[in-house]
Amino acid sequence: MFPKFEQTSISRSRKAIVPSLSAFIVYSFSLLIVALPGLLGGVPYIADVVAGTLGISATLVTLGGLVLTAVFGIAVGWIATRSAGETIDGYRL
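This note's numbering numbers the first residue of the sequence shown as 1 and each following residue consecutively.
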């Protein structure tokens, strides 16, 4: 995937660089993966089913989903920050 540098007109006097479709898809998929444990743990029916299957309390499943979402968010944020920094370091004027 190459970065997009072309400007798109969004109003008469404004232009913006809009992300490519593939970048939007990757971003949306990553956001879904990071949020999924918290979303599933926060739904009472799903938390009850998982708790019954694993033999633990539903509260523990909900807290586990929250913790997993936080850990995924921190990890993905750290990776994205490092990647962006390395990409910017590679640019030359």
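Just so you know, even glycine gets a beta-carbon here, dropped at the ideal spot from N, CA and C.
When you compare only the Cα positions, how much space is there between Thr62 and Leu39? 9 Å
Answer yes or no: do Gly41 and Val50 have a C-beta to C-beta separation smaller than 9 Å? yes
Beta-bridge partners of Thr62, as assigned by DSSP: DSSP output for Thr62 lists no bridge partner at all.
How would you label Thr8, buried or exposed, when you count the other beta carbons within 10 angstroms and need 16 or more for buried? exposed
Taking the beta carbon of Thr53 as the centre, do at least 16 other beta carbons fall within 10 Å, making it buried, or is it exposed? exposed
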